[in-house]
Amino acid sequence: MTQPSPAQKPVPKSLYGGTSSRRITVRDIAAAKERGEKWPMLTAYDAMTASVFDEAGIPVLLVGDSMGNCHLGYDSTVPVTMDEITLLSAAVVRGTKRSLVVGDLPFGSYQEGPVQALRNATRLMKEAGVGAVKLEGGERSADQVELLVSSGIPVMAHVGLTPQSVNAFGGYPVQGRGEEAAQQLLRDAKAVQDAGAFAVVLEAVPAELAAEVTRSLHIPTVGIGAGLDCDAQVLVWTDMAGMTAGHVPKFVKQYLQLRDLLGDAAKAFAEEVVGGTFPAPAHTFH
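To convert, note that position 26 of the sequence shown is 26 in full-length UniProt numbering; the numbers rise steadily by one, no gaps.
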């Protein structure tokens, strides 16, 4: 009996925690929307962390330009470069087997127009091996989305609070409050859907508006600070795991205090070194 080709393999019954040996694809994401299945997404920036999330069954990993804040030491996402995104995206791809890896297009890599977007998205696909790319903007980025999709590159869009526009926003305010702003956000979401995006991130959007957008679209919405009614939810992993120092956004839930745990482990190591108890005989060659 002949085996089905990869394109003919059945979609998994569940995105989260599934056991299929192949990678999640945008077709699987679309099928989950049809089933009404909610699914989780996390960021990842290195092979080891990505492998943990992949083994945990997280179906989609975003190599976000959030790496600027939580991994590279920048004050915002704006300084992140294509070289940095490409390097870390490749690491995440190497560390995973099942997750759909989405690589972010950083600030300045697609704003010039569709041709620039295609050039840089192609680089992420070819050099890093990502399965999709993400870019910010609604109506203003629709032409970029359309060219990428028509060229065979799946696109996840991002509307609402778009962190690359921090200087224009003057910070990170909630988006879509008021009738005019709400209608613009809805137009933005529909514009990227019509351009061919397979999903759209809604960031820092009132829950009622996010619910309306989700009902209005046939592609899934991925919420981050957008309430419970989105089709999926995403968090920056260092926020989720309690690695982030100081203030975290209201929409973050910390499921672990990893910063404290790592600090305690480092102190325990240091004290054993200073006290002369490490390395013990069990850790010594003779």
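Where a beta carbon is used, it is the ideal one built from N, C-alpha and C, also for glycine.
Note to self: Is the beta carbon of Ile-24 closer than 8 Å to that of Val-63?
What the structure shows: Position 63 of the sequence shown holds residue 63. Position 24 of the sequence shown holds residue 24. Not in contact: Val-63 and Ile-24 (Cβ atoms no closer than 8 Å).
Check: Taking the runs of the alpha helix (DSSP H) that are 4 residues or longer, which of them lie wholly in the segment 89–149?
Finding: 114–123
Item checked: Residue burial classification, Ala-282 (beta-carbon count within 10 angstroms, cutoff 16) -> Start at 1 with the first residue of the sequence shown, and residue 282 comes out as number 282. The residue is exposed, with fewer than 16 neighbouring Cβ atoms inside 10 Å.
Note to self: Is it the case that the segment 232–247 contacts the segment 205–215, given that we only count it when at least three CB pairs across the two stretches are under 8 Å?
What the structure shows: no
Margin query: Once the 5 residues before and after Ala-189 are set aside, which same chain residues still bring their CB inside 7 Å of it?
Written below: The sequence position of residue 189 within the sequence shown is 189, counting from 1. Beyond the five residues adjoining it in sequence on each side, Ala-189 comes within less than 7 Å, by CB distance, of Gly-138, Val-159, Val-200, Val-213 and Leu-217 in the same chain, given in chain order.
Notebook entry, point to check: Can Gln-183 be considered in contact with the ligand GTP, in the sense that its beta carbon sits closer than 7 Å to one or more heavy atoms?
Noted result: Absent from the structure shown: the ligand GTP. Ligands present: none.
Notebook entry, point to check: Grouping DSSP H, G and I as helix and E and B as strand, with all else coil, what is Ala-270?
Noted result: Working through the sequence shown from its first residue, we reach residue 270 at position 270. In this structure, Ala-270 counts as helix in the three-state DSSP scheme.
Note to self: Please state the DSSP three-state secondary structure of Ala-242.
What the structure shows: Within the sequence shown, residue 242 is the residue found at index 242, counting from 1. Before going further, note that residue 242 is Gly rather than Ala in the sequence given. Coil.
Next item on the list: Report yes if the C-beta distance between residue 354 and Ser-165 is below 8 Å; otherwise report no.
Entry: Given that the chain is displayed from residue 1 to residue 286, the structure contains no residue 354 and the question cannot be resolved.
Next item on the list: State the Cα-Cα distance for the pair Gln-193 and Val-145, rounded to the nearest angstrom.
Entry: Residue 193 sits at position 193 when you count from the first residue of the sequence shown. Residue 145 sits at position 145 when you count from the first residue of the sequence shown. Taking the straight line joining both Cα atoms gives about 9 Å.
Next item on the list: Could you pull out every residue in the same chain whose Cβ sits closer than 8 Å to the Cβ of Gly-95, ignoring the five residues on either side in sequence?
Entry: Here residue 95 refers to the residue found at position 95 when the sequence shown is read from its first residue. Ala-44, Asp-46, Ala-47, Met-48, Thr-49, Ala-50, Ser-51 and Asp-54, listed in sequence order.
Check: Got a sec? Which residues, its chain only, sit under 6 Å from Ser-109 by beta carbon, not counting five neighbours each side?
Finding: Here residue 109 corresponds to residue number 109 of the sequence shown, with the count starting at 1. The answer, listed in chain order, is Met-82 and Asn-120.
Checklist line | Limits of the alpha helix (DSSP H) - the one that Gln-183 falls within | finding: Residue mapping note: residue 183 aligns to position 183 of the sequence shown, counting from 1. Segment 179–195, the alpha helix (DSSP H) holding Gln-183.
Check: On the three-state DSSP scale, how would you describe Glu-55?
Finding: Sequence index remark: in the sequence shown, residue 55 carries index 55 (1-based). Helix.
Note to self: Using the three-state DSSP reduction, which class does Ile-29 fall into: helix, strand or coil?
What the structure shows: Residue numbering aside, residue 29 sits at position 29 when the sequence shown is read from its first letter. DSSP places Ile-29 in helix when its eight states are reduced to three.
Notebook entry, point to check: Cα-Cα, which of Ala-128, Gly-223 and Ala-157 is closest to Ser-88?
Noted result: Numbered from its first residue, the sequence shown carries residue 88 at position 88. Sequence inspection shows Leu at residue 88; the Ser mentioned does not correspond to that position. The residue with the shortest Cα to Cα distance from Leu-88 is Ala-128.
Note to self: So for Ile-224, helix, strand or coil by DSSP?
What the structure shows: The residue labelled residue 224 in the question sits at position 224 within the sequence shown. Three-state DSSP puts Ile-224 in a strand.
Note to self: Taking the alpha-carbon of Asp-229 as reference, which of Ala-241, Val-205 and Ala-182 has the nearest alpha-carbon?
What the structure shows: One-based indexing of the sequence shown puts residue 229 at position 229. Looking at the Cα atoms, Val-205 is the closest of the given residues.
Note to self: If distances are taken between C-alpha atoms only, which option among Gly-36, Met-125 and Ile-29 comes closest to Ala-215?
What the structure shows: By 1-based counting over the sequence shown, the position of residue 215 is 215. Inspection of the sequence shows that residue 215 is occupied by Arg rather than by Ala. Answer by Cα proximity: Gly-36.
Check: Applying the criterion that 16 or more other CB atoms from any shown protein chain within 10 Å of the CB defines a buried residue, is Val-115 buried or exposed?
Finding: Here residue 115 refers to the residue found at position 115 of the sequence shown. Under this definition Val-115 is an exposed residue.
Next item on the list: Can you check DSSP and say which residues form a bridge with Met-41?
Entry: Counting from one through the sequence shown, the residue named residue 41 turns up at place 41. Met-41 is bridged to Val-60 and Val-234.
Notebook entry, point to check: CB-CB under 7 Å to Leu-15, same chain, minus the five flanking residues each way: which ones, in chain order?
Noted result: To locate residue 15, count along the sequence shown from 1; it is residue 15. Within the same chain, Leu-15 has close Cβ partners Ile-24, Asp-28, Ala-32, Glu-37, Trp-39 and Pro-59.
Notebook entry, point to check: Is the beta carbon of Arg-259 less than 8 Å from the beta carbon of Ala-268?
Noted result: Stepping through the sequence shown from its first residue, residue 259 is reached at position 259. Stepping through the sequence shown from its first residue, residue 268 is reached at position 268. Contact flag unset, no.
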